[in-house]
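Trainee:
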Amino acid sequence: MSALFRRCAAPLARRSFHSSTPLAIKAGESFPEISVFEDSPGNSVSLAQELKKHSKAIVIGVPAAYSPACSSTHIPGWIKANSGLPTYVVSVNDPFVMKAWGLSLPGSKDAGFRFMADSSGALTRALDMEFDSAAIFGNNRGKRYVLTVENGKVAKVFVEPDNTGVKETTAKAVLGL
(Lines of atoms letter the chains of each structure in order from A and count residues from 1; the text may use other names and numbers.)
(Lines give C-alpha, C1' and ligand atoms only; values in the text may rest on other atoms or scores of the structure.)
Protein backbone atom coordinates (compact mmCIF):
# COMPACT_ATOMS: atom_id res chain seq x y z
CA MET A 1 0.00 0.00 0.00
CA SER A 2 1.45 3.35 -0.96
CA ALA A 3 2.16 6.03 1.61
CA LEU A 4 -0.18 8.42 -0.22
CA PHE A 5 -3.05 5.91 -0.09
CA ARG A 6 -2.50 5.25 3.63
CA ARG A 7 -2.42 8.97 4.38
CA CYS A 8 -5.62 9.69 2.40
CA ALA A 9 -7.69 6.56 3.02
CA ALA A 10 -6.94 5.85 6.68
CA PRO A 11 -8.96 8.79 8.05
CA LEU A 12 -11.93 7.70 5.93
CA ALA A 13 -11.69 4.06 6.96
CA ARG A 14 -12.13 4.64 10.68
CA ARG A 15 -14.11 6.87 12.96
CA SER A 16 -12.29 7.97 16.04
CA PHE A 17 -13.86 8.22 19.45
CA HIS A 18 -14.17 12.00 19.22
CA SER A 19 -15.12 12.97 15.69
CA SER A 20 -18.33 12.76 13.72
CA THR A 21 -18.78 12.19 10.01
CA PRO A 22 -21.61 13.58 7.88
CA LEU A 23 -24.95 12.00 8.68
CA ALA A 24 -26.74 9.49 6.50
CA ILE A 25 -30.18 10.14 8.03
CA LYS A 26 -31.53 13.58 7.23
CA ALA A 27 -34.65 15.56 7.96
CA GLY A 28 -37.48 14.48 5.66
CA GLU A 29 -36.33 10.86 5.35
CA SER A 30 -38.33 7.90 6.58
CA PHE A 31 -37.08 6.13 9.66
CA PRO A 32 -35.29 2.87 8.65
CA GLU A 33 -37.28 -0.39 8.78
CA ILE A 34 -34.93 -2.24 11.11
CA SER A 35 -36.07 -4.17 14.16
CA VAL A 36 -34.72 -3.67 17.65
CA PHE A 37 -35.53 -5.50 20.89
CA GLU A 38 -37.53 -4.39 23.89
CA ASP A 39 -37.11 -6.20 27.24
CA SER A 40 -35.95 -9.54 25.76
CA PRO A 41 -34.56 -11.11 22.57
CA GLY A 42 -38.02 -12.59 21.99
CA ASN A 43 -39.65 -9.18 21.64
CA SER A 44 -38.60 -7.77 18.28
CA VAL A 45 -40.00 -4.32 17.57
CA SER A 46 -40.06 -2.35 14.32
CA LEU A 47 -39.23 1.10 15.61
CA ALA A 48 -40.26 2.54 12.22
CA GLN A 49 -43.76 1.07 12.64
CA GLU A 50 -43.97 2.32 16.24
CA LEU A 51 -43.01 5.83 15.14
CA LYS A 52 -45.69 5.85 12.42
CA LYS A 53 -48.34 5.40 15.13
CA HIS A 54 -47.60 8.87 16.52
CA SER A 55 -47.83 12.29 14.94
CA LYS A 56 -44.68 13.22 16.89
CA ALA A 57 -42.09 11.19 18.79
CA ILE A 58 -38.50 11.35 19.96
CA VAL A 59 -35.68 8.85 19.46
CA ILE A 60 -32.69 9.29 21.75
CA GLY A 61 -29.50 7.42 20.93
CA VAL A 62 -26.91 6.88 23.64
CA PRO A 63 -23.44 5.31 23.60
CA ALA A 64 -23.98 3.07 26.63
CA ALA A 65 -26.60 2.18 29.18
CA TYR A 66 -25.45 2.87 32.74
CA SER A 67 -22.59 5.13 31.62
CA PRO A 68 -22.18 8.19 33.86
CA ALA A 69 -23.35 10.84 31.38
CA CYS A 70 -26.26 8.73 30.12
CA SER A 71 -27.48 7.77 33.60
CA SER A 72 -26.86 10.92 35.60
CA THR A 73 -27.45 13.73 33.09
CA HIS A 74 -28.72 12.94 29.62
CA ILE A 75 -31.71 10.61 30.08
CA PRO A 76 -32.73 11.98 33.53
CA GLY A 77 -32.84 15.45 31.93
CA TRP A 78 -35.25 14.16 29.29
CA ILE A 79 -37.39 12.40 31.92
CA LYS A 80 -37.56 15.58 33.99
CA ALA A 81 -38.49 17.66 30.92
CA ASN A 82 -41.50 15.38 30.37
CA SER A 83 -42.13 16.38 26.76
CA GLY A 84 -45.36 14.38 26.66
CA LEU A 85 -44.14 12.73 23.46
CA PRO A 86 -43.49 9.01 23.03
CA THR A 87 -39.76 8.65 23.64
CA TYR A 88 -37.56 5.74 22.57
CA VAL A 89 -34.07 5.36 24.01
CA VAL A 90 -31.80 3.28 21.75
CA SER A 91 -28.36 1.86 22.48
CA VAL A 92 -26.07 -0.84 21.12
CA ASN A 93 -26.64 -3.05 24.16
CA ASP A 94 -28.50 -6.26 24.84
CA PRO A 95 -32.23 -6.12 25.67
CA PHE A 96 -31.76 -7.28 29.27
CA VAL A 97 -29.38 -4.41 30.01
CA MET A 98 -31.70 -1.89 28.38
CA LYS A 99 -34.70 -3.17 30.34
CA ALA A 100 -32.82 -3.05 33.65
CA TRP A 101 -31.43 0.40 32.89
CA GLY A 102 -34.88 1.76 32.07
CA LEU A 103 -36.27 0.36 35.32
CA SER A 104 -33.37 1.92 37.26
CA LEU A 105 -34.13 5.46 36.07
CA PRO A 106 -36.80 7.02 38.30
CA GLY A 107 -39.82 8.30 36.39
CA SER A 108 -38.91 6.78 33.03
CA LYS A 109 -41.89 4.45 32.91
CA ASP A 110 -44.34 7.13 34.07
CA ALA A 111 -42.96 9.49 31.40
CA GLY A 112 -43.64 6.86 28.72
CA PHE A 113 -40.03 6.11 27.87
CA ARG A 114 -39.26 2.84 26.10
CA PHE A 115 -35.75 1.39 26.12
CA MET A 116 -34.74 -0.39 22.93
CA ALA A 117 -31.72 -2.63 22.33
CA ASP A 118 -29.99 -2.39 19.00
CA SER A 119 -28.07 -5.56 19.85
CA SER A 120 -26.27 -5.98 16.53
CA GLY A 121 -25.92 -2.26 15.81
CA ALA A 122 -27.90 -2.62 12.55
CA LEU A 123 -30.16 0.36 13.24
CA THR A 124 -27.22 2.44 14.42
CA ARG A 125 -25.34 1.67 11.19
CA ALA A 126 -28.43 2.41 9.04
CA LEU A 127 -28.68 5.83 10.68
CA ASP A 128 -24.91 6.27 10.21
CA MET A 129 -24.58 6.90 13.93
CA GLU A 130 -21.98 4.20 14.65
CA PHE A 131 -18.50 5.09 15.86
CA ASP A 132 -15.43 3.12 16.85
CA SER A 133 -15.54 2.99 20.62
CA ALA A 134 -13.80 -0.36 21.10
CA ALA A 135 -11.08 1.23 23.24
CA ILE A 136 -13.68 2.40 25.77
CA PHE A 137 -16.74 0.12 25.45
CA GLY A 138 -15.22 -3.00 23.85
CA ASN A 139 -17.12 -2.67 20.57
CA ASN A 140 -18.58 -0.09 18.21
CA ARG A 141 -21.42 1.92 19.69
CA GLY A 142 -23.85 4.62 18.72
CA LYS A 143 -23.19 8.32 18.90
CA ARG A 144 -25.24 10.42 21.28
CA TYR A 145 -28.07 11.76 19.13
CA VAL A 146 -31.71 12.82 19.15
CA LEU A 147 -34.14 12.49 16.26
CA THR A 148 -37.47 14.23 16.34
CA VAL A 149 -39.87 12.22 14.21
CA GLU A 150 -43.20 13.24 12.73
CA ASN A 151 -45.50 10.63 11.17
CA GLY A 152 -42.60 8.22 10.68
CA LYS A 153 -40.30 10.76 9.02
CA VAL A 154 -37.30 12.38 10.63
CA ALA A 155 -38.05 16.05 11.30
CA LYS A 156 -34.80 17.14 13.00
CA VAL A 157 -31.42 15.56 13.72
CA PHE A 158 -29.23 16.51 16.68
CA VAL A 159 -25.82 14.86 17.17
CA GLU A 160 -23.04 15.52 19.62
CA PRO A 161 -20.03 16.66 17.58
CA ASP A 162 -17.65 14.59 19.72
CA ASN A 163 -20.05 11.59 19.68
CA THR A 164 -20.39 11.32 23.46
CA GLY A 165 -20.76 14.79 24.98
CA VAL A 166 -24.02 16.10 26.40
CA LYS A 167 -24.77 19.54 25.00
CA GLU A 168 -26.53 19.46 21.60
CA THR A 169 -28.83 16.57 22.57
CA THR A 170 -30.18 17.69 25.93
CA ALA A 171 -33.92 18.13 26.35
CA LYS A 172 -33.27 21.82 26.92
CA ALA A 173 -31.37 22.20 23.61
CA VAL A 174 -33.78 20.10 21.53
CA LEU A 175 -37.07 21.23 23.02
CA GLY A 176 -35.98 24.85 23.60
CA LEU A 177 -36.72 24.77 27.32
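Residue numbering for the sequence shown follows our numbering, starting at 1 and increasing by one per position. Yeah, the Cβ is synthetic: ideal placement off N, Cα and C, and Gly gets one too.
Considering only C-alpha positions, which residue in the set Ala81, Gly61, Gly107, Pro95 is nearest to Ser40?
Mentor: For Ser40, the nearest C-alpha among the options comes from Pro95.
Trainee: If you run the structure through DSSP and keep just helix, strand and coil, what is Ala144?
Mentor: Looking at the sequence provided, one finds Arg at residue 144 rather than Ala. Correct three-state label for Arg144: coil.
Trainee: Ile79 and Gly107 - do their beta-carbons sit closer together than 8 angstroms?
Mentor: Yes, Cβ-Cβ distance for Gly107 and Ile79 is below 8 angstroms.
Trainee: Quick check on the DSSP output: the alpha helix (DSSP H) that includes Gly61 runs from which residue to which?
Mentor: Unbroken run through Gly61 is the beta strand (DSSP E), 56-61; no alpha helix (DSSP H).
Trainee: Between the alpha carbons of Gly121 and Gly61, how many angstroms are there, rounded?
Mentor: Going by the C-alpha atoms only, they are around 12 angstroms apart.
Trainee: For Ser91 versus Ala65, is the C-beta distance shorter than 8 angstroms?
Mentor: Yes, the pair counts as a contact, with Cβ atoms nearer than the cut-off.
Trainee: Is it right to say Lys109 is buried, meaning 16 or more other beta carbons lie within 10 angstroms of its own, or is it exposed?
Mentor: Exposed.
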